[in-house]
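*Asks:* Following full-length UniProt numbering, the numbering of the sequence shown begins with 1 at its first residue and continues without gaps. A virtual CB, placed ideally from N, CA and C, is assigned to each residue, including glycine. What follows is a structure written as structure tokens; I'll ask about it next.
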Amino acid sequence: MPNPTYPVRLADEITRQLGQLADHLAHLPPHQATQVIAHVVDPDHGVLAGVTRLVATSSVFAKVQAERGTLPPEVWLALGRAANELDAIGGDLDEHRDHLQQVSTRLGTGAAKPPEPAALVVRRRR
């Protein structure tokens, strides 16, 4: 019989490791940090894709439980919205994947000309 506490311990361990990754990311040289970010946002095998799948699976579970009356329907709807938002965010970030990979390669090999700073522009979603 499977250990019922294993999935909870696994979730705790993944959370701990994500915290470690964030701590490391803050101290990495730019080319390594960019490589890590590119891996995190990879739409097929990245951390964000994994979290999106986990939330989508949670939404399916919550829907079944809501239909049985065990969970309020609002839980299912909130998880579904979260999965959709994460998927949309992943799509937005995927547009920049090639650039992240190019920058991480260029910075790692020592670019002939240093990159020029860019003015930051904030876009609003409506």
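1) When you compare each of L10, V40, Q17, V8 to D100 by their alpha carbons, which one comes out closest?
2) Buried or exposed: which applies to A62, given that a residue is buried once 16 or more other Cβ atoms fall within 10 Å of its Cβ?
3) Can you give the Cα-Cα distance for L71 and Q65, rounded to whole angstroms?
4) What residue range does the alpha helix (DSSP H) around E85 cover?
5) Within the chosen definition, does the stretch 23-33 reach the stretch 46-55 through at least 3 CB pairs nearer than 8 Å?
6) Using C-beta distances below 8 Å, list every residue in its chain close to L97, excluding the 5 sequence neighbours before and after it, in chain order.
7) Using the Cα positions of S59 and G50, report the straight-line distance between them to the nearest angstrom.
8) Looking at S104 and A35, is the spacing between their C-beta atoms short of 8 Å?
9) Output needed for L25: all residues of its chain with C-beta closer than 6 Å, excluding positions within five of it in sequence on either side, in chain order.
*Replies:* By the coordinates alone:
1) In the sequence under discussion, the amino acid at residue 100 is Leu, which differs from the Asp named in the question. The shortest Cα separation from L100 among L10, V40, Q17, V8 belongs to V40.
2) buried
3) 5 Å
4) 73-94
5) no
6) Just to set this straight, residue 97 is Arg in the shown sequence, not Leu. Closer than 8 Å at Cβ, skipping near neighbours: A38, V41, D42, P43.
7) 14 Å
8) For clarity, residue 35 is Gln in the given sequence; the question names Ala instead. Going by C-beta atoms, Q35 is nearer than 8 Å to S104.
9) A33, V36
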